[in-house]
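Right, one structure below, let's go through it.
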Amino acid sequence: EVPLLESGGGLVQPGGSRRLSCAASGFTFNNYGMTWVRQAPGKGLEWVSSISGDGGSTYYADSVKGRFTISRDNSKNTLFLQMNDLRVEDTAVYYCAKDPANNGYFLGYFDYWGQGSLVTVSS
Amino acid sequence: EIVMTQSPATLSVSPGERATLSCWASHSIRTNVAWYQQKPGQAPRLLIYGASTRATGIPARFSGSGSGTQFTLTISSLQSEDFAIYYCQQYNNWPQFTFGPGTTVDIK
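Note that the protein sequences, when read in sequence, are chains A and B.
At position 39 of the first sequence (counting the first as 1) the number is 39 in this note's numbering, and the numbers step up by one without a gap.
At position 33 of the second sequence (counting the first as 1) the number is 1033 in this note's numbering, and the numbers step up by one without a gap.
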């Protein structure tokens, strides 16, 4: 088992900010690329952002580019997603997910997922 | 962006029957497709990657096939725990990963 445990979700007003965390255990964290995927209520899955194992390479969906920042603290086995200028359409369950490539980069699919953290953007 | 489509949107199947789910890509993605299962209130679970390779611990009744733009997930004999939503995902157009809209497999 590869636990990934998200935290930090909650209710935020439009234009506000929120930081999500994902605590990882059970694997050598810095050897793996990590990704955030979100799911709006009753909807499908949407890739949000990915980061390489050393944190040196980051990638964003166009829908969040310039507003969200992905980062990681390998000393604490933790992945982050800083979300700024939040919009109603950002309301979703945010999942952190692990890539199976053990070289710090990506194969592009996700072998383990956290349980998700709900972010609700509403006034 | 590569658009993924899935059909049918809902598939009603009796336990023990075979289920065949389809997924199409708007452009060729070779065999860079994964399938996930999601149950209500749970995270997605990886079933298949590389179009046809079962992930660790996935029962043999799940199989995947296809290449290019057309892919299939087959559940050979549906068990009660298999009623869920199934998503395909392409990872050929890296890192702009995209998912299909899902197929709900429910009890007939």
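Positions of the beta carbon are idealized from the N, C-alpha and C atoms, including for glycine.
- Query: Can you list the beta strand (DSSP E) stretches of 3 or more residues lying completely in the region 1018-1050 of chain B, in chain order?
  - Reply: DSSP runs (the beta strand (DSSP E)) wholly in the region 1018-1050 of chain B: 1019-1025, 1033-1038, 1045-1049.
- Message: Suppose the cutoff is 7 angstroms on Cβ atoms and the five residues either side in sequence are ignored; what does the same chain contact list for V121/A look like?
- Response: For V121/A, where only same-chain residues beyond five positions count, the Cβ hits under 7 angstroms are V12, P14, L86, R87, V88, D90, T91.
- Task: Compare the C-beta of A1043/B against all C-beta atoms of chain A and say whether one is closer than 7 angstroms.
- Result: For A1043/B, a Cβ of chain A is located within less than 7 angstroms of the residue's own Cβ.
- Item | Residues that W1024/B contacts on chain A, provided the C-beta gap is smaller than 7 angstroms | Here the premise fails: no neighbours, minimum Cβ distance about 15 angstroms.
- Starting from V12/A, trace the beta strand (DSSP E) both ways and give me its first and last residue. Segment 10-12, the beta strand (DSSP E) holding V12/A.
- Message: I'd like to know whether the C-beta of G56/A is nearer than 7 angstroms to at least one C-beta of chain B.
- Response: Not an interface residue.
- Message: Strictly below 8 angstroms CB to CB, what residues from chain B border Q115/A?
- Response: Neighbours of Q115/A across chain B, judged by C-beta separation under 8 angstroms: Q1042, A1043.
- Assuming G1036/B and R1030/B make a contact with CB atoms under 8 angstroms, what is their CB distance in whole Å? In the sequence on display, residue 1036/B carries Tyr and not Gly. Taking the Cβ atoms as the reference, Y1036/B lies roughly 19 angstroms from R1030/B, outside the contact range of under 8 angstroms.
- Message: Please confirm whether Y109/A has its beta-carbon closer than 7 angstroms to some beta-carbon of chain B.
- Response: Yes, contact with chain B.
- Task: Determine which residues of the region 79-106 of chain A have a Cβ less than 7 angstroms from any Cβ of chain B, and write them out in chain order.
- Result: Flagged, chain order: Y95, F106.
- Item | Nearest-angstrom beta carbon gap, G1066/B and Q1006/B [assumed within contact, 8 angstroms] | Contact flag wrong, Cβ pair sits at about 12 angstroms.
- Just mark I1107/B as buried or exposed, buried being the case when its beta carbon has 16 or more other beta carbons within 10 Å. Only exposed fits I1107/B, as fewer than 16 other CB atoms lie within 10 angstroms of its CB.
- Query: If you draw a straight line from the alpha carbon of T58/A to that of C96/A, how long is it in whole angstroms?
  - Reply: Those two C-alpha atoms are separated by around 14 angstroms.
- Proximity to S1077/B [Cα-Cα], best of S1012/B, T1104/B, G1016/B, P1008/B: Taking only the C-alpha atoms, the option nearest S1077/B is G1016/B.
- Taking only runs of the beta strand (DSSP E) that begin and end inside the region 47-114 of chain A, which ones reach a length of at least 3 residues, in chain order? Restricting attention to beta strand (DSSP E) runs no shorter than 3 residues, the region 47-114 of chain A encloses them at 58-60, 68-73, 78-83, 92-98, ordered along the chain.
- Would you list the one or two residues that DSSP bridges to D1106/B? Answer by DSSP bridge pairing, in chain order: S1012/B.
- At a Cβ threshold of 7 angstroms, is L20/A touching chain B? No, its Cβ sits nowhere closer than 7 angstroms to a Cβ of chain B.
- Message: Strictly under 7 angstroms for the Cβ-Cβ distance: is Y59/A near chain B by that measure?
- Response: Contact with chain B is found for Y59/A, since one of that chain's Cβ atoms lies less than 7 angstroms from the residue's Cβ.
- Out of I1002/B, T1069/B, F1083/B, T1056/B, which has the shortest C-alpha to C-alpha gap to K1039/B? If we check each option's Cα against that of K1039/B, F1083/B comes out closest.
- Item | A1009/B, buried or exposed, once every other Cβ within 10 Å from all chains shown has been counted against 16 | Burial call: exposed.
- Does the region 63-78 of chain A touch the region 19-39 of chain A, meaning 3 or more C-beta pairs lie closer than 8 angstroms? Between the region 19-39 of chain A and the region 63-78 of chain A there are three or more C-beta pairs closer than 8 angstroms, enough to call the two in contact.
- Roughly how many angstroms lie between the CA atoms of A1055/B and T1098/B, to the nearest whole one? Computed Cα separation, rounded: 19 angstroms.
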